[in-house]
Amino acid sequence: MPRLNRVHLLAAAAMTAAVAVGSSTLGPVRSGVDEEPADVPVANQSDGDEMQAWIDDTIAGMSLEEKVGQIFVTYAYGPSADSAHPDNVTEFGVETPAEVVQRYHLGGVIYFNWTDSFEDPVQVAGLSNGLQEAALSSGAEIPLMISTDQEQGIVTRFREPATQLPGSMALGAGRNRDDARTAAAITGQELRAVGINQDFAPVADVNVNPANPVIGVRSFSSDPALVSELVTAQVEGYQDSAVRELTVSSAIKHFPGHGDTNQDSHDAMPEIDHTREEWEELDAPPFAAAIAAGADTVMTGHILMPELDDSGLPATLSPTVLTGLLRDQLGFEGVISTDSLQMQGVRNEVADERIPVLALQAGADQLLMPQYLDVAVDAVLAAVESGELTESRIEESVRRVLAMKWQRGVISDPLVDVDRVAEFVGNADHLAAAQQITDHTTIAMRNDAGLLPADAPASALVTGPDTTALAALADSLSQRGVQVRQHLTSASPTAAEIDEAVGAAAEHDMTIALTNAAWNESRAGQRELVRSLAGSDASLIAVATRDPYDAAYVEEATTWLATHSIGAQAMESLTRVVLGEIAPVGTLPVTVPAPDDPDTASYPFGHGLTWSVTG
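Numbers -20 to -1, 1 to 595, taken from mature numbering (1 follows the signal peptide of the UniProt record, and there is no 0), label the letters of the sequence shown in order.
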């Protein structure tokens, strides 16, 4: 897919900024979860003095190895702190997660599904407590930052029964500051209930490239003003609460901005050709807004921006970017975390033993997931020994990490009450709020034939490439008495699959075809499926369940909706819109360009149909 013209985007951003920020839904924050938000902890001088005294005393008693350990964050395999796992032996030389923490004096641990960190909420809470006890019983006896990537939407580690909420672009479609804040507050409370105290979210990237393979719907919008407003709301939701122990540190990402690339930094080094002026107008505002809101952490991106730094170093390793722009220009005083140091975007350019040293020289404080932890730790120790890094430079980062732990209440209250996990995780209030928020995010892009809203049909065919979405949509329709047939296709349906779907559609009163990134050439078969259904006698409703760009590729379909999600809440909201139980109120947070002419908008920013409903 071609990239939108940047001049057009900057002009559009300037014109829409006042509309986006001035919208009545982007007004004063009302959480609905925490009605009396407090200032960020350590808001008075006496608290600050107490924190600084503790930090000074703690650092004075730490060995160099313990100081270096505080700046590293990695994963460990196993559902409990004492679970022996062969991959721990292979990667870290010890058997259990607790031993990984103790051997390397880690400052933090990050949870993933593939490390068996998430089985159920009570298990996660037990794992967190076990790791904290391991940290508190060894070395400098400092509790851990325990983190994960719970952006919601397509990047969700903590799954059901945890509350599932709309991802960023869905919230951008809703354009509701209260909803964005509440979503973050719920997410943060549920994470903290199981011992996770740092969330690598929200995404502050402005997604101006429809072909972006790694950001896309993880971004709130292509408009920097809208991204700034919603990022700020989420930082507040994660971090501001009358009860500090119900908050988590937010980490805005991926500085200096990953929104205008057609490469994935997990696999390669993306290069973004924004000028300094374009960066300041397009990429920088959300980061500046989040910093002003008090974000604890900024995560770096493994990207090249030659107009910002012509050294050839990725942003993660660039003093010009991290110190010159982030620290000096934007005034960020918190913790700078690298993105995963296992990503090829940084490893393709620099040897593993050099990456942590260069990242520290650039200004990073948390070094996330080096490919070989022992090599990385030894490299930093050797750099201090040789004088390439000073111990005082290490201490600068340790001070920031310790301050974050203090401010987030990790030092005072590192353990969680396992018996109270169910009070927070997936509770009835959270689930109801999640559905209400999701109801604000569905976009009606086309309704040329006036098909919507529709009466409940006797029967419906639901087809598409995602088992989760089909099952959830079928369940929602079935609850309303509709006889539903599910027709699962491959990511790019074959001619045989398409023929089968067209035949099945003829036997049903309504057909709902779900697409997922059909704009991608590797999934072009989805377009043919929708096109064939539109050319049949089927009463067709096409739904873009990920990027809204799909709608521009099949003009033959005259009814298009967008949900930005395949989750159960999104499918319930879709059903409510289709059957006239609620009106669609979402509007496009991005411009949808014509497939063959990126300067022409098939659907402009802010587009969204609505209609009145009764009952």
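Just so you know, even glycine gets a beta-carbon here, dropped at the ideal spot from N, CA and C.
- R198 is the residue among Q112, R198, N328 whose C-alpha sits nearest the C-alpha of P146.
- The C-beta distance from I90 to L348 rounds to 7 angstroms, short enough to meet the 8 angstroms contact threshold.
- Burial is judged here by how many other beta carbons sit within 10 angstroms of a residue's own beta carbon; E216 has at least 16 and is buried.
- Distance from the CA atom of S148 to the CA atom of P564, rounded to whole angstroms, is 18 angstroms.
- When the five nearest sequence neighbours on each side are left out, the beta carbons in the same chain lying within less than 7 angstroms of the beta carbon of V378 are those of I39, K47, Q50, I51, in order along the chain.
- In this structure, the CA atom of A264 is about 23 angstroms from the CA atom of G154.
- For the pair A522 and D530, the CB atoms are nearer than the 9 angstroms cut-off.
- Taken through DSSP and simplified to helix, strand or coil, T212 comes out as helix.
- Beta-carbon to beta-carbon, I252 and V278 are separated by about 17 angstroms, too far to satisfy the 8 angstroms threshold.
- Residue environment: D399 is assigned as exposed (fewer than 16 neighbouring CB atoms within 10 Å of its CB, all protein chains considered).
- Between L441 and V405, the CB-CB gap reaches or exceeds 9 angstroms.
- Annotated as proximal: T212 and A272, with beta-carbon spacing under 9 angstroms.
- The C-alpha of N192 lies about 15 angstroms from the C-alpha of P575.
- L151 has its alpha-carbon roughly 6 angstroms from the corresponding atom of T421.
- Collapsing the DSSP output to three states places E131 in a strand.
- Exposed is the label assigned to N328, since fewer than 16 other Cβ atoms lie within 10 Å of its Cβ.
- Leaving aside the five residues that flank Y583 on each side, the residues in its chain whose CB is nearer than 8 angstroms to its CB run, in chain order, M425, P528, A531, A532, L568, T571, V572.
- S439 is not a Cβ neighbour of E552, given a cutoff of 9 angstroms.
- Taking the CA atoms as reference points, A504 sits about 11 angstroms from R511.
- Burial of E131 is indicated by the presence of at least 16 other C-beta atoms within 10 angstroms of its C-beta.
- If you compare the alpha carbons of P299, L432, R507 with that of L559, the shortest gap goes to L432.
- Cβ-Cβ distances below 7 angstroms link E225 to R172, G389, D393 in the same chain, with the five nearest sequence neighbours on each side left out; the list follows chain order.
- Counted as a single uninterrupted DSSP element, the alpha helix (DSSP H) harbouring T448 occupies residues 447 to 458.
- The beta carbons of H282 and G325 sit closer together than 9 angstroms.
- P236 sits close to F267, with the two beta carbons spaced by under 9 angstroms.
- Judged by DSSP in its simplified three-state form, G196 adopts helix.
- Within the same chain, Cβ atoms closer than 7 angstroms to the Cβ of V396 are found at A105, S108, N109, A173, V174, G175, the five residues on either side in sequence being excluded.
- Put simply, the backbone Cα of L468 is about 36 angstroms away from that of D158.
- Counted as a single uninterrupted DSSP element, the stretch harbouring Q346 is not any alpha helix (DSSP H), since DSSP gives it neither H nor E.
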